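Participant: This is the structure I want to talk about, given as structure tokens.
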Amino acid sequence: MKLCFPTNGHAGLVESIGEHFGRTPTYTIYDIESHDVKVIENSSEHMGGIGYPPEIMKKEKVDVLICRGLGKRALGMFVDYGIDVYIGATGTVENSLSDYKNMKLKKATFSDSCIEHKFGDHNKGSCHH
């Protein structure tokens, strides 16, 4: 099973989790069975490339996305691709992996996804990961 974490760089398991999953510079992919770690660039439209992050993760055969939070549209794309999403990730990939294994993260639903992407505006249902 492959887990994907939106990250701020190339440090693998000790890299910090990105604030906005679609705009992080990298994605760190961890294979639970083999313990392999792969860091890929975010080549999506958000970063001036092609496609959307869920498409990148589908291509990489990711089973689970672990992030701080995400919007309804993105969650819908992950659902369509059969990729489970868990929210509440903080700290490093290693911290978030431990939280996932210990069932401390929440499986994302449409009711707890972000309404819009304006960080910090808690009163309007916007992203405040």
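Start counting at 1 in the sequence shown, then tack on 5, and there's your number in this note's numbering.
Heads up, the beta-carbon is just placed ideally off N, CA and C, and yes, glycines get one too.
Source: prediction; values computed, not measured.
From K106 to Y91, what does the alpha carbon distance come to, in whole angstroms?
Facilitator: Taking the first residue of the sequence shown as 1, we reach residue 106 at position 101. Taking the first residue of the sequence shown as 1, we reach residue 91 at position 86. In a straight line, the C-alpha of K106 is about 11 Å away from that of Y91.
Participant: Let me check understanding here. Comparing Cα to Cα, which of D104, S103, G93 and L102 lies closest to T114?
Facilitator: Your numbering for residue 114 matches position 109 in the sequence shown. Ranking D104, S103, G93 and L102 by Cα distance to T114 puts G93 first.
Participant: Contact defined as beta carbons within less than 8 Å: I believe N137 pairs with T33. What is the distance between those atoms, to the nearest angstrom?
Facilitator: The chain is shown only over 6 to 134; residue 137 falls outside these bounds and no answer can be derived.
Participant: What do you get for R73, buried or exposed, if any count of 16 or more other CB atoms within 10 angstroms of its CB means buried?
Facilitator: Walking along the sequence shown from the start, residue 73 turns up at place 68. Result: buried.
Participant: Within 9 Å of any Cβ in chain B, is that where the Cβ of T29 sits?
Facilitator: The question asks about chain B, but that chain is absent: this structure has only one protein chain.
Participant: Would you mind stating whether I88 and K63 have Cβ atoms separated by less than 9 Å?
Facilitator: Translated into positions along the sequence shown, residue 88 becomes position 83. Translated into positions along the sequence shown, residue 63 becomes position 58. Against a cut-off of 9 Å, the Cβ pair of K63 and I88 comes out as a contact.
Participant: Would you tell me roughly how many angstroms separate the C-alpha atoms of E50 and D41, rounded to the nearest one?
Facilitator: Here residue 50 refers to the residue found at position 45 when the sequence shown is read from its first residue. Here residue 41 refers to the residue found at position 36 when the sequence shown is read from its first residue. Rounded to the nearest angstrom, the two C-alpha atoms are 27 Å apart.
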